[in-house]
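> Below is one structure. I have some questions about it.
Residue numbers (our numbering), protein chains in the order written: chain A, 1224 to 1624; chain B, 1372 to 1620.
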């Protein structure tokens, strides 16, 4: 057994070392590209997911969200709770928000969207909405009767669902907002876009205006408290700390709000799997063709090897080993290219996509998975032609043209 | 050496207990009994051998001769178990090779037979030495053993200074000598050579034939050689003549 393996390795090694260098380089080059193609889409998808998550945390949920207890509408004594939460060293800001569904009306157009009542100063410690203004400015503390609209509400500014919007509201215009039966006119102070259409389908007014519309003035209520923590803090740990601090409300990390993202991720995941399958099929065909051409050229040699008593399995194994070596080299080069070339390049020069600037994220586990699949494709792609040819009769191999 | 002899005994024992041993001639090492070989070429059947019976004695140097298309190479392929007769049988050293499976035949060739082809048939990616020791490696010999055996036999054929040379850097005569060294490295019971000098000039052919003669007389190596040339046949002990797939009377 061992001597057979030794002979297979010996033949494969000599063939690679002394065989046609052009074919070897070409095969490895093609396999490198296939590996890159196999991991590229996953890396892109991971990059998009990271970007989506970042948008969600940076512009909507913060890292942790406190919600009212079960069957309660509001968080009571919101400012006291905020202070309690802010006592944790990793917490950099909290924003107690009131939120409600609002009906918007501008000229002849109407639409519904979520309206947040926030303290602009607190909000700026949690989300970066201030930095996303396309036009006008964000709210400031004394503002009353002013509103900030996402571009999906205002329309224009490249809104993705422009036809559903109010159709081109501009800063300075007045929109009519109805919340729980109370209607009030607001002057548009600013229009923002985070590039994430879910966040861009909301509007912000001051807490005081919202309290008035909900009829809960001076009661220190909130419907959610968004909590921002320092970079790199594990949200699950913060959640535990908040619970042990005596927070009785629902404490949820941002991940629980990323449901839609998982849906998108799942859909893109399917696309990725299909692309992987096609990529693997291409890999298989290329390996098959390269090995087949290589083997057909060595038909007589195979015949001679069989004639002098080298076992058929040893001959087949020598070709499979060559293919595995090619695949191994392709995987290593592809990984190096991704890890030290393409990924760092996209980090330095992010790719602009509709959700913002994304960089590729190379997941090592995915890379290992693709490497294994490529190896399998190369084994099958080499076994079939090697077996087919080595199985032929000696006379046919040695003497037939 | 031990593995090789064990292997030979094993295959011998297996077949001795089986049927089909002629045992008619005490010193016959190769016997071809009533060999027919028909090839199908599309719709046409070509009867390359039509009932050939031959016997080759141990230590004999035999030439197979005949005009083109007479079945010389086909007969050599049957005797060397590179091909299987349509009917008839080939017995080598009392072993009926028709009872062996393809795998067993491969093993039998590895341990017992050596081949020299017209166009040398060396593996181009292996050096002279590697070409010679690949079959010894396959037999499971140690690195030291197969390397020294290869060096020894290559020195014996006059190529002791070209062990690491690739076939592409050698002349036709040198390649054929490597091929002879490869065929003899494992001390086969029979050496089969198919027009070994066909691609060589007369001087080089003479050197190759001298080598065959040397191994035949000094080591008692049995050699069966197909040739066209009468002066090649002059080196041999006996000539088997074929015509139209039959022995010439």
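The C-beta atom is built at its ideal place from N, Cα and C for all residues, glycine as well. Bear in mind the structure is a predicted one, so any value in this text is a computation, not a measurement.
(1) For the candidate residues A/1242, A/1226, A/1261, whose alpha-carbon lies nearest to that of residue 1585 of chain A?
(2) So residue 1469 of chain B contacts chain A; which residues on that side make the cut at Cβ distance below 8 Å?
(3) Hey, would you say residue 1557 of chain A sits closer than 7 Å to residue 1258 of chain A, going by beta carbons?
(4) Within 7 Å of any Cβ in chain A, is that where the Cβ of residue 1539 of chain B sits?
(5) Given residue 1507 of chain A, which residues of its chain have a CB within under 6 Å of its CB, disregarding the five upstream and five downstream residues?
(6) Mind reading off the beta-carbon distance from residue 1418 of chain A to residue 1278 of chain A? Whole number of angstroms is fine, and I expect it under 8 Å.
(7) According to DSSP, simplified to helix, strand and coil, what is residue 1388 of chain A?
(8) I'd like the span of the beta strand (DSSP E) that includes residue 1435 of chain B, first residue to last.
(9) How about residue 1366 of chain A and residue 1266 of chain A: are their beta carbons less than 7 Å apart?
(10) Do you know offhand how far residue 1571 of chain A's Cα is from residue 1275 of chain A's?
(11) Taking the DSSP output, what are the residues bridged to residue 1396 of chain A?
(12) What does residue 1238 of chain A touch in chain B if you count any residue whose Cβ is under 8 Å from its own?
(13) Closer than 7 Å, CB to CB, is residue 1458 of chain A near chain C or not?
(14) Following the continuous beta strand (DSSP E) through residue 1565 of chain B, name the residue where it begins and the one where it ends.
(15) Which residues in chain A have a C-beta closer than 7 Å to the C-beta of residue 1511 of chain B? List them in chain order.
(16) Which chain B residues sit within Cβ distance under 8 Å of residue 1242 of chain A?
(17) My understanding is that residue 1466 of chain A touches residue 1474 of chain A, with C-beta atoms under 8 Å, so please give their C-beta distance in whole angstroms.
(18) Three-state secondary structure (DSSP) at residue 1604 of chain A?
(19) Could you give the DSSP three-state label for residue 1441 of chain A: helix, strand or coil?
(20) Once DSSP output is grouped into helix, strand and coil, what is the label at residue 1473 of chain A?
(21) Per DSSP, what kind of secondary structure is residue 1556 of chain A in: helix, strand or coil?
(22) Measuring straight from C-alpha to C-alpha, what distance separates residue 1390 of chain B and residue 1499 of chain B?
(23) Using DSSP with H/G/I as helix, E/B as strand and the rest coil, what is residue 1530 of chain B?
(24) Let me know if residue 1596 of chain B comes out buried or exposed under the rule of 16 or more other beta-carbons within 10 Å of its beta-carbon.
(25) When Cβ atoms are compared, which residues of the region 1437-1461 of chain B fall closer than 8 Å to chain A?
(26) Which class does residue 1407 of chain B belong to by DSSP, given the choice of helix, strand or coil?
(27) Listed from N- to C-terminal order along the chain, which residues in the region 1502-1524 of chain A have their beta-carbon within a distance smaller than 8 Å of any beta-carbon of chain B?
(28) Check residue 1606 of chain B in the structure and name its three-state DSSP category.
(29) Among all the DSSP beta bridges, which residues are the ones paired with residue 1407 of chain A?
(30) Three Cβ pairs or more, each shorter than 8 Å: is that satisfied between the region 1525-1542 of chain A and the region 1474-1490 of chain B?
(31) Hey, could you find the ends of the beta strand (DSSP E) residue 1575 of chain B is sitting in?
(32) What's the C-alpha gap between residue 1617 of chain B and residue 1549 of chain B?
(33) Does any residue of chain A have a CB that is nearer than 7 Å to the CB of residue 1391 of chain B?
(34) I need the boundaries of the beta strand (DSSP E) containing residue 1459 of chain A, first residue and last residue.
(35) Quick one, are the C-beta atoms of residue 1399 of chain B and residue 1610 of chain B less than 7 Å apart?
(36) Name the one or two DSSP bridge partners that residue 1316 of chain A has.
With the structure as the only source:
(1) A/1261
(2) The contacting residues do not exist; residue 1469 of chain B stays about 16 Å from chain A at best.
(3) yes
(4) no
(5) 1600, 1604
(6) 7 Å
(7) coil
(8) 1432-1436
(9) no
(10) 19 Å
(11) DSSP lists no partner for residue 1396 of chain A.
(12) 1496
(13) Protein chains in the displayed structure are A and B, and chain C is not among them.
(14) 1561-1565
(15) 1226
(16) 1496
(17) 6 Å
(18) helix
(19) coil
(20) strand
(21) helix
(22) Model confidence at residue 1390 of chain B stands at a pLDDT of 31, short of 50, so the residue's coordinates are unreliable; what they give is reported in the following sentence. For residue 1390 of chain B and residue 1499 of chain B, the distance between alpha carbons rounds to 41 Å.
(23) coil
(24) buried
(25) 1448, 1453, 1454
(26) strand
(27) 1523, 1524
(28) coil
(29) A/1400
(30) yes
(31) That residue, residue 1575 of chain B, is in no beta strand (DSSP E); its alpha helix (DSSP H) goes 1573-1590.
(32) 33 Å
(33) Summary for residue 1391 of chain B: the model assigns pLDDT 34, below 50, so the residue's position carries little reliability; its value from the coordinates is reported in the next sentence. Residue 1391 of chain B does not count as touching chain A.
(34) Per DSSP, residue 1459 of chain A belongs to no beta strand (DSSP E); it is in the alpha helix (DSSP H), 1458-1467.
(35) no
(36) A/1451
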